[in-house]
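Participant: Protein chains in written order, with the working numbering: chain V, 1 to 431; chain G, 432 to 862.
Built from N, CA and C at the ideal position, the CB exists for glycine as well.
Predicted model only: the values in this text are computed from it and were never measured.
Can you read through this structure? Questions will come right after.
Number of protein chains: 2
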Amino acid sequence: MVYRVGLLGLGTVGTGVVEILQRPPHPLLQAVEIAAVGVRSLDKPRLVPIPPECLTTNLEGIVSDPEIDAVIELMGGLEPARSLILKAIDHGKPVITANKAVIARYGEEIFQAAAQARVAVLLEAAVGGGIPVIQALQQSLRASRIQAVWGIINGTTNFILSQMAQEGSSFAEALAQAQAHGYAEADPSADVEGWDAADKIAILASLAFGVSVPRQAIPCEGIGSISSTDIRYAREWGYTFKLLAIAQRAEGQGGEPTLDIRVHPALLPVTHPLANIHGVDNAVWVQGDPLGQVVLSGPGAGRGPTASAVVGDLLILLAHLQTGAQLPNPLWGFAASPPVASLLPLAEAQSEFYVRVLAQDRPGVMGAIGTCFGRHGVSLESITQKECHQELAEIVILTHSVREADCRQALAEIQQLPQVAEIPSLFRVLR
Amino acid sequence: MVYRVGLLGLGTVGTGVVEILQRPPHPLLQAVEIAAVGVRSLDKPRLVPIPPECLTTNLEGIVSDPEIDAVIELMGGLEPARSLILKAIDHGKPVITANKAVIARYGEEIFQAAAQARVAVLLEAAVGGGIPVIQALQQSLRASRIQAVWGIINGTTNFILSQMAQEGSSFAEALAQAQAHGYAEADPSADVEGWDAADKIAILASLAFGVSVPRQAIPCEGIGSISSTDIRYAREWGYTFKLLAIAQRAEGQGGEPTLDIRVHPALLPVTHPLANIHGVDNAVWVQGDPLGQVVLSGPGAGRGPTASAVVGDLLILLAHLQTGAQLPNPLWGFAASPPVASLLPLAEAQSEFYVRVLAQDRPGVMGAIGTCFGRHGVSLESITQKECHQELAEIVILTHSVREADCRQALAEIQQLPQVAEIPSLFRVLR
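Here is the structure:
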C-alpha cells in the first residue's frame, strides 16, 4: 500500500515532518509518500529534499486532488487554512492539523463537516507540541468526569517568566532574550497577551467538557504587568508566577453548571505540579473524578516535538485504516454538535488575590485598607508592609478565596483613600 | 446496542469499575452491561450493588460464555489469570487487564494468541494507574524513536522515600507508615525489592522499543539499604533518592545496540523532572528523537485512578467497534513476535556513583581511597570527610560517569585497605 499525503506548508514543522518520514520510526509509516507540498514560493531554498514536481503553489489543487489520500495542514493562520481544511474534508480526505487558531475559532464548523463527510480530523500538534495531551483527553481520560484542566501552554511566556524569576530580569529584558533565542516574534502580542494560550485552552475545554467555547468570550490577561518586584515578593511567600490557561467546572450564581475559562498570570505555590515547569516547556494538569490529578508535560513547541505529534496522528490514521474501519473513530474530534458552554463571568470567579499597594508611610494606612476589604466581605490572610520608596510604602495584601467582583470593588474604594497613591499589581493566587 | 462485559475479580479496582459504569461519564459507555462477575466467594459483602445472578465463582464459565462480549481481568497474580485471559482470547473475546505481573511474564504469549485470534488486549491500567502512559507509548509517541523511558512506577517505595526525605524517618519507620496507610502490604517485598517496578518497566520497554524483555533478566535492587544518613548527605549535594525503573538504548561492548534495563534506587538532582514526584504518585519520563523529553505523572494506583484506566480501555474498545473495524488496531499491544532484546549487562552500564565508606580517622585514608579508584580508571568528582563516629570517619565519594564494573572492582580493593572498616552505601547517581 502507498498512502499519498499532501502537505500544506513547508515551514519549521513541515520540514520536521518530512525529516521523520525520511527515516520512518514505525513500519506502518513506510507506506507514506509525500505526494504534494503546497508552498508560497517555489524558489525558496528548502532544508529537506523534495522532488521539484511535488512542490506547488496551487494549494486548492492538493486538497481536491483525487490522488491524495490525506492532507496535513501546517500553514497556520485562519485563511486560507480554514477553507482548505473544509475543502479537503469535502473531498473526503482526512485532515491532520497543527493549527490551534483555526480549530479554536472554527473547530465546530470543521468537525461538523468532518462528521458529515465521515472523515477524520486529528489535531494532536495544535496544543502542547509533542505532549500527547489531545489523545489523552479524547480517549483514556474520558472514562473520568473531568473537573478541571489547567495549562502552561505558551512556551514564550513561560520562558519570559522563568527568566524573570531566575535571573531577576525585567519583563522587557526577558522578552528581548526570548526574541534573541527565537522563542518570541518581533510582535510578541499573541504570546504575551495570552491570546495563543486562549486558543489552546478553548480547544482543550471543548475536548474535556464536550462543549463548544466561543473563543472571543475567553477572558484574557497578559504577563506584561508583572514586575520583578512582584516576582520577588511572591517568592518570599513561596509562590511563583505562571501564565495559566484554566478551564474548570463551576457553579453559576444560581447554582447552575457553568464553565470557568480564562487565561491570566497567577501565583502558584512552588509545590504545585505546574510550578516546576520551566523555560519553554508546557504542561497540562487534569483533574478528574475518579481519576485524580494527572500532569502531562514536555516541549510545547519547536520543529521536532510538533512534527512528532503530526506524524503520530498520521500513524494513528494509518493504523485505523488497517482495521478495515468504515468510519472515523467517534472519540476523535469534538463532540458532534456540542452545546455551547455557559461561561462563568470572571467577576463571579473565586480566587485568592495578591495586591500590591503604594501608600503614604503613615500610621492607620493598613487599618484603612483592611477596613475597605472587610466592608466588601473580602477576608484577608495578611497585610504586610514591605519596602519604602521615598515617601511611599509598599504594602502587599494576600486575601483568602473571594469573589473577584468583591475584591475589585474593595480595590476601587481603596484607590480613593487619600493615603493611597497607586495599586500597581493585582494578581490571582491559585493552588 | 448492549455490550455485555464479564468481570474477573471484584476487589478494589473491580469495585471502582462498577462505580464508574453506574454513572457512565461518556455516552458510548451507556451500552455496557456487566453481565457476569467472577469472584472467589459469593457471600462476601460488596460495596457496589451486583445482581446475585451475575455473581459466580465459575470464572471459566465467564470467559467461554458466548453471551459475553468482552472480559475485564482484575484478579492479579499469574494463575489462573493467565489461563483465563488465554481462554477468553481463544473464545474470540477482547480482554482488558490491569495485571502487570501476567503481562510482564506472559505478554508475548498473550499478544501472539490475541493476534492469531484477531482480538484486542488492552492494558492501560497495568502501569501507572490513571496516567495514560500505555496509550501514549503505543500511539502518538511512536512517531519518534524512543531513546529512554525512566519511571517512578511504584507508589509504595516513592511514599517511603518521600517520608524518609521529608520527615527524616528511617526506612523501617517509613515502611510502617506506608503499611498503616494501606500503601504497603504486610509482606512488602514485591514493592520494596523493586519487583513490581520491574514488571512494569518490562511492559513499558516492550512497548517503547518493540522488543520482548525476559522479566527475570532485569537487574533489580530494592530500597531497604538506603539510610537516613545517605538521604541527608544526598540532599546536601542537591540530590534526592528515587527508586527508578530504567529502560534505554545503549551500546554494548562491541558497539552493538542493546537495551539497558534495570530497577534500582538512584540519586537524582533535585531539578530533574522526576525528583519532584512525591508520595504515592507515579511518573514516566520519556526521551525520544525528535520528540524531546515528555513526562506523564499522576496517581499510580488506587481504586479510582486504576478503574478510570480500565474503563478508558473499555471506551476505546467500544469506539473501535463503532467504526465497523474488522481487526484490532495494530498499534495496540506489543509488536507481534518481537525480537528478544539483547540486554546490556549491569556491569557494563555507565553511571556516576555515590559511595559512603567508614574508615579510621587518620591521615592518608582519603589518598589511599583515591588511589584505588584511580587504579581502576574511576575518576572522582569529590571525596569528602563527613561526620566521625567513635574512631570511624564517614567518607563520601562522588565519581564521574564510569563503567559499573570498574567502580565495583575499585571498591573491592578499597574494602581490603587496612584503614577501611566498611562500605555501607553504594548508589548510582543519574541526571
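Terminal residues of the continuous beta strand (DSSP E) containing I503 (chain G)?
Facilitator: Segment A501 to E504, the beta strand (DSSP E) holding I503 (chain G).
Participant: Quick check on the burial criterion: 16 or more other C-beta atoms within 10 angstroms. Buried or exposed for H389 (chain V)?
Facilitator: By the 10 Å Cβ count, H389 (chain V) comes out exposed.
Participant: Within the 8 Å Cβ cut-off, does P700 (chain G) reach chain V?
Facilitator: With 8 Å as the cut-off, P700 (chain G) does not count as an interface residue toward chain V.
Participant: Out of V:V127, V:S162, V:F209 and V:V119, state which residue places its alpha-carbon closest to the alpha-carbon of A148 (chain V).
Facilitator: Closest by alpha carbon: V:F209.
Participant: By alpha-carbon positions, which one of V:E404, V:A405, V:M366 and V:A410 ends up nearest to E394 (chain V)?
Facilitator: It is V:M366.
Participant: Kindly give me the distance between the Cβ atoms of A462 (chain G) and V741 (chain G), rounded to whole angstroms, as I take these residues to be in contact under 8 Å.
Facilitator: Not really, about 16 Å apart at Cβ, beyond 8 Å.
Participant: Taking 8 Å as the threshold (beta carbon to beta carbon), is P736 (chain G) in contact with chain V?
Facilitator: With 8 Å as the cut-off, P736 (chain G) counts as an interface residue toward chain V.
Participant: Only counting runs of 3 or more residues, tell me where the beta strand (DSSP E) segments fall wholly within the segment 136-206 of chain V, in order along the chain.
Facilitator: Entirely contained in the segment 136-206 of chain V, the beta strand (DSSP E) runs reaching 3 residues are, in chain order, 145-152.
Participant: Any idea what DSSP makes of I481 (chain G), helix, strand or coil?
Facilitator: If DSSP states are grouped into helix, strand and coil, I481 (chain G) belongs with coil.
Participant: According to DSSP, is R232 (chain V) helix, strand or coil?
Facilitator: Looking at R232 (chain V) - three-state DSSP - the assignment turns out to be helix.
Participant: Can you tell me where the beta strand (DSSP E) with R249 (chain V) in it begins and where it stops?
Facilitator: Its beta strand (DSSP E) spans residues Y239 to E251.
Participant: Can you tell me whether D196 (chain V) is buried or exposed? The criterion is at least 16 other CB atoms within 10 Å of its CB, across all chains shown.
Facilitator: Label assigned to D196 (chain V): buried.
Participant: Given a limit of 8 Å on CB to CB distance, which residues of the segment 747-761 of chain G reach chain V?
Facilitator: Here the close residues are I747, A750, H751, Q753, T754, G755, A756, Q757, L758, P759, N760 and P761.
Participant: Does the beta carbon of P290 (chain V) sit closer than 8 Å to a beta carbon anywhere in chain G?
Facilitator: Chain G contact via Cβ: present.
Participant: Would you decide whether R356 (chain V) is buried or exposed? Buried here means 16 or more other CB atoms lie within 10 Å of its CB.
Facilitator: R356 (chain V) is buried by the Cβ-count criterion.
Participant: According to the Cβ coordinates, are A36 (chain V) and G77 (chain V) closer than 8 Å?
Facilitator: No, these two residues do not count as a Cβ contact at 8 Å.
Participant: Just the C-alpha distance for A750 (chain G) and G182 (chain V), rounded to the nearest angstrom, thanks.
Facilitator: Going from the Cα of A750 (chain G) to the Cα of G182 (chain V) covers about 41 Å.
Participant: Go ahead and pull the three-state DSSP assignment for G300 (chain V).
Facilitator: Note: G300 (chain V) maps to coil in three-state DSSP.
Participant: Three-state secondary structure (DSSP) at F640 (chain G)?
Facilitator: Helix.
Participant: Hey, is the segment 241-253 of chain V in contact with the segment 404-423 of chain V, meaning 3+ C-beta pairs nearer than 8 Å?
Facilitator: Cβ pair count under 8 Å is below three, so no.
Participant: State the start and end residues of the unbroken beta strand (DSSP E) segment that holds A824 (chain G).
Facilitator: It spans L823 to T830 - the beta strand (DSSP E) in which A824 (chain G) sits, taken as one unbroken run.
Participant: Alpha carbon to alpha carbon, how far is L789 (chain G) from S813 (chain G)? Give it in angstroms, no decimals.
Facilitator: Distance between the alpha carbons of S813 (chain G) and L789 (chain G) is about 16 Å.
Participant: For T702 (chain G), is the classification buried or exposed, using 16 other Cβ atoms within 10 angstroms of its Cβ as the cut-off for buried?
Facilitator: By the neighbour-count rule (16 or more Cβ atoms within 10 Å), T702 (chain G) is not buried but exposed.
Participant: Can you give me the start and stop residues for the alpha helix (DSSP H) that T446 (chain G) sits inside?
Facilitator: From DSSP, the alpha helix (DSSP H) with T446 (chain G) extends over T443 to Q453.
Participant: Measure the C-alpha to C-alpha separation of L426 (chain V) and G560 (chain G) and round it to an integer number of angstroms.
Facilitator: Taking the straight line from one Cα to the other gives about 39 Å.
Participant: Over the uninterrupted alpha helix (DSSP H) stretch that includes V796 (chain G), give me the two end residues.
Facilitator: Note, V796 (chain G): alpha helix (DSSP H), V796 to R806.
Participant: In chain V, which residues lie with their C-beta within 8 Å of the C-beta of G653 (chain G)?
Facilitator: Here the premise fails: no neighbours, minimum Cβ distance about 27 Å.
Participant: If you measure beta-carbon to beta-carbon, which residues of the segment 126-155 of chain V are closer than 7 Å to chain G?
Facilitator: Those would be G130, I131, P132, Q135, A136, Q139, S140, L141, R142, A143, S144 and R145, in chain order.
Participant: Check the Cβ-Cβ distances between N707 (chain G) and every residue of chain V, and say whether any is below 8 Å.
Facilitator: Yes, N707 (chain G) lies at the interface with chain V (some Cβ there is under 8 Å from its Cβ).
Participant: Kindly say whether L727 (chain G), judged by its beta-carbon, lies nearer than 8 Å to any beta-carbon of chain V.
Facilitator: Chain V, which has a Cβ nearer than 8 Å to the Cβ of L727 (chain G), makes this yes.
Participant: Does the beta-carbon distance from V809 (chain G) to V771 (chain G) come in below 8 Å?
Facilitator: Contact flag unset, no.
Participant: Between G:G686, G:S658 and G:E682, which lies nearest to I854 (chain G) when the distance is taken from Cα to Cα?
Facilitator: Comparing Cα positions, the closest option is G:S658.
Participant: Please state whether the Cβ-Cβ distance between A697 (chain G) and R859 (chain G) is less than 8 Å.
Facilitator: Yes, the pair counts as a contact, with Cβ atoms nearer than the cut-off.
Participant: Can you tell me where the beta strand (DSSP E) holding L857 (chain G) begins and where it ends?
Facilitator: Element bounds for L857 (chain G): V851 to V860.
Participant: For D289 (chain V), which three-state DSSP category applies?
Facilitator: D289 (chain V): strand per DSSP, three-state reduction.
Participant: Whole angstroms is fine: what's the gap from A609 (chain G)'s alpha carbon to C220 (chain V)'s?
Facilitator: Each residue's Cα considered, the two are about 44 Å apart.
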